[in-house]
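Going left to right, the sequence shown walks through residues 1 to 372 as full-length UniProt numbering numbers them.
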Amino acid sequence: MPATSTDLRIAVLGVGMMGAFHADALSSRIRGAQVTVVSDFFADKAAEVAGRVGARVDSDPIAAIHADDVDAVLIASPGKAHDEQVNACLDRGIPVLCEKPLTTDVESAYGIVQKEAALGRQLIQVGFMRRYDAEYVALKKLITDGELGNPLLVHCIHRNPDVPEHFNSEFMIRDSVVHEVDVARFLLDEEIASVEVIAGVATSAAPAGTHDPMLVVFRTVSGRVVTDEIYVRSGVAYEVRTEVVGERGSALIGLDQNLVVKRTDGRWGGSIAPGFVERFGAAYDLELQRWVDAARRGTVDGPGAWDGYAAVAVCEAGVEAVRTGQKVPVVLGPRPDAAGSDAPSADMGTSSQPGIAESSAGITAPDLEAAR
């Protein structure tokens, strides 16, 4: 879209598959936005995307954040870079949309929550795009309007056709299951209290030592149970389903209206999206449009720093559950009054080391896009 003097000028940090997708959307489909700076470790990729969207290249992401021609920042860089980059945005006092994870460990994520709260205004949005998907919005409305009665159970399925060989069980939790973590919090308006991971027979396509598929069981603070089947080497297509079972009925999203019969070489009677862009492309664009609109107003309209921190804490517990085979409690630090969130608070106690009990802190995972 043609740039105007009132456009939000955006630096895009990291232009792999997801960052490039966002940069293209901001420059062509999103109103009121202009990509002015692109930064990436790979100079040729940065130059390619910058040339396509009419932006300049800055090899230093921190310098890009502080540039005079930047009003807001979109972070799609590897997860290990998020802590420094989000903190730089807070230091400058400009809006930032950070793709998950907020950071790669609970201590740094909680530090960001505290730092933003000390500023007295919300600047951070975290990229949990399913909150903008029409089906998830409709499912949330059914719950909010009481059509299903009291929600008792949530069942999720998350399947990918394939992922890189090094995408192990830990990556499955941090980069795939993280979406169901936010879905559960979004739909039920409460925090997750514990995580258990059940590993059965692994597909022959999985590397040795990788549990694929896995069944992840969350229990919320009120006692509701959420199950999540994660299977990232299904060999079929990209399947994301969620069912809510309530006292008065149930609702299922993520399936075609027709019966879908699957086998390894195809399907009959319906269709399944081949990838995450086909399934959630419209949600990504709506997420960007609402972020841009809110940033121009000086507000945040979406999942905030607390939501990002809570997801990191639950995933840390999930990684520990994979390692130990035990149910692992999730412990969140005290919530600052101004902590950004799109969901009501449901504090679960305090800890001087917020995260998980007996946590394996320090394990990090890259920002992999293959299993969104």
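In this text, a Cβ means the ideal position worked out from N, Cα and C, and glycines have one as well.
In angstroms, rounded to a whole number, what distance separates the CA positions of Pro303 and Val163?
Between Pro303 and Val163, the C-alpha separation is close to 27 Å.
Between the Cα of residue 378 and the Cα atoms of Arg323, Ala311, Pro207, which residue gives the shortest distance?
Past the edges of the chain, shown from 1 to 372, lies residue 378, and the structure says nothing about it.
Tell me which same chain residues have a C-beta within less than 6 Å of the C-beta of Asp83, skipping the five on either side of it?
Sequence-distant Cβ neighbours of Asp83 in its own chain, meaning closer than 6 Å and more than five residues away, are Thr103, Ser108.
Give a yes or no on whether the C-beta atoms belonging to Asp71 and Leu123 are separated by under 8 Å.
Cβ atoms of Asp71 and Leu123: not closer than 8 Å.
With a cut-off of 8 Å, do at least 3 Cβ pairs link the region 177 to 190 to the region 199 to 207?
For the pair of segments examined, the region 177 to 190 was found not to touch the region 199 to 207: the number of CB pairs separated by less than 8 Å stays below three.
Using the DSSP secondary-structure output, state which residues sit across from Phe218 in a beta bridge.
Its beta-bridge partners are Val195, Val226.
Among Ile253, Val96, Asp69, Asp228, the one whose alpha carbon lies nearest that of Ala76
Ranking the options by Cα distance to Ala76, first place goes to Val96.
Hey, Glu165 and Pro101: beta-carbon distance below 8 Å or not?
Note that the C-beta distance between Glu165 and Pro101 is not below 8 Å.
Per DSSP, Ala72 is paired with what?
Partner(s): Ile10.
For Tyr238 and Val137, what's the separation of their Cα atoms in angstroms?
Those two C-alpha atoms are separated by around 20 Å.
Please name the residue, chosen from Asp228, Pro61, Pro213, Lys327, that lies closest to Val178 on a Cα-to-Cα basis.
The shortest CA-to-CA distance from Val178 to any of Asp228, Pro61, Pro213, Lys327 is the one to Asp228.
Complete runs of the alpha helix (DSSP H) confined to the region 37 to 66 [at least 4 residues]:
Runs of the alpha helix (DSSP H) inside the region 37 to 66: 43 to 53, 61 to 65.
Rank Gly246, Ala273, Glu247 by C-alpha distance to the C-alpha of Leu255 and give the top, closest one.
Sorting Gly246, Ala273, Glu247 by C-alpha distance to the C-alpha of Leu255 places Ala273 at the top.
Express the C-alpha separation of Asp60 and Glu243 in angstroms, rounding to a whole number.
Between the alpha carbons of Glu243 and Asp60 lies a distance of about 44 Å.
If we ignore side chains and look at the alpha-carbon of each, how far apart do Thr220 and Val232 end up?
Linking Thr220 to Val232 through their CA atoms gives a straight-line distance of about 25 Å.
Pick out whichever of Val216, Phe280, Arg224 has its Cα sitting closest to the Cα of Val240.
For the residues Val216, Phe280, Arg224, the minimum Cα distance to Val240 belongs to Phe280.
Close beta carbons around Tyr132, own chain, < 6 Å, minus the five adjacent residues each side:
Within the same chain, Tyr132 has close Cβ partners Ala283, Leu286, Glu287.
Whose C-beta lies closer than 7 Å to the C-beta of Pro336 among residues of the same chain, with five residues either side of it excluded?
Annotation for Pro336: Val113, Gln114, Ala117 place their beta carbon closer than 7 Å to its own, counting only its chain and skipping 5 residues before and after.
Tell me the rounded alpha-carbon separation between Ala193 and Gly14.
When rounded, the distance between both Cα atoms is 33 Å.
Ordered list of alpha helix (DSSP H) runs contained in the region 287 to 342, each at least 4 residues
DSSP runs (the alpha helix (DSSP H)) wholly in the region 287 to 342: 305 to 324.
As a quick exercise: from Cys315, Gly333, Thr299, pick the residue whose alpha carbon is nearest that of Gly93.
The closest CA to that of Gly93, considering only Cys315, Gly333, Thr299, is found on Thr299.
Using the Cβ count rule (16 or more neighbours within 10 Å means buried), how would you classify Leu187?
By the 10 Å Cβ count, Leu187 comes out buried.
Among Lys140, Arg121, Leu90, whose alpha-carbon lies nearest the alpha-carbon of Gly246?
It is Lys140 whose Cα lies nearest to the Cα of Gly246.
From which residue to which residue does the beta strand (DSSP E) around Ala251 run?
250 to 253 is the extent of the beta strand (DSSP E) around Ala251.
Give me whichever residues DSSP pairs with Leu97 in a beta bridge.
Per DSSP, Leu74, Gln125.
I need the DSSP call for His211, collapsed to helix, strand or coil.
Judged by DSSP in its simplified three-state form, His211 adopts coil rather than helix or strand.
Hey, could you find the ends of the beta strand (DSSP E) residue 375 is sitting in?
In this structure the chain extends from 1 to 372, so residue 375 is not present and cannot be described.
According to DSSP, is Ile157 helix, strand or coil?
In the structure shown, Ile157 adopts extended strand secondary structure according to DSSP, grouped into three states.
Grouping DSSP H, G and I as helix and E and B as strand, with all else coil, what is Leu26?
Of the three classes helix, strand and coil, the one that applies to Leu26 here is helix, per DSSP.
Relative to the C-alpha of Ala25, which candidate in Trp291, Ala88, Arg296, Val86 has its C-alpha closest?
Among Trp291, Ala88, Arg296, Val86, the Cα nearest to that of Ala25 belongs to Trp291.
Buried or exposed: Ala50, going by 16 or more other Cβ atoms within 10 Å of its Cβ?
Counting the other CB atoms within 10 Å of its CB gives Ala50 a total of 16 or more, which places it among the buried residues.
So, for Met214: in the same chain, excluding its five sequence neighbours on each side, which residues have a beta-carbon less than 6 Å away from its beta-carbon?
The beta carbon of Met214 sits closer than 6 Å to those of Val197, Ala199, Ile230, all from its chain and outside the five residues before and after it, given in chain order.
Tell me the DSSP secondary structure of Ala206 in three-state form.
Three-state result, Ala206: coil.
Distance CB(Ala23)-CB(Val37) smaller than 8 Å
No. Outside cutoff.
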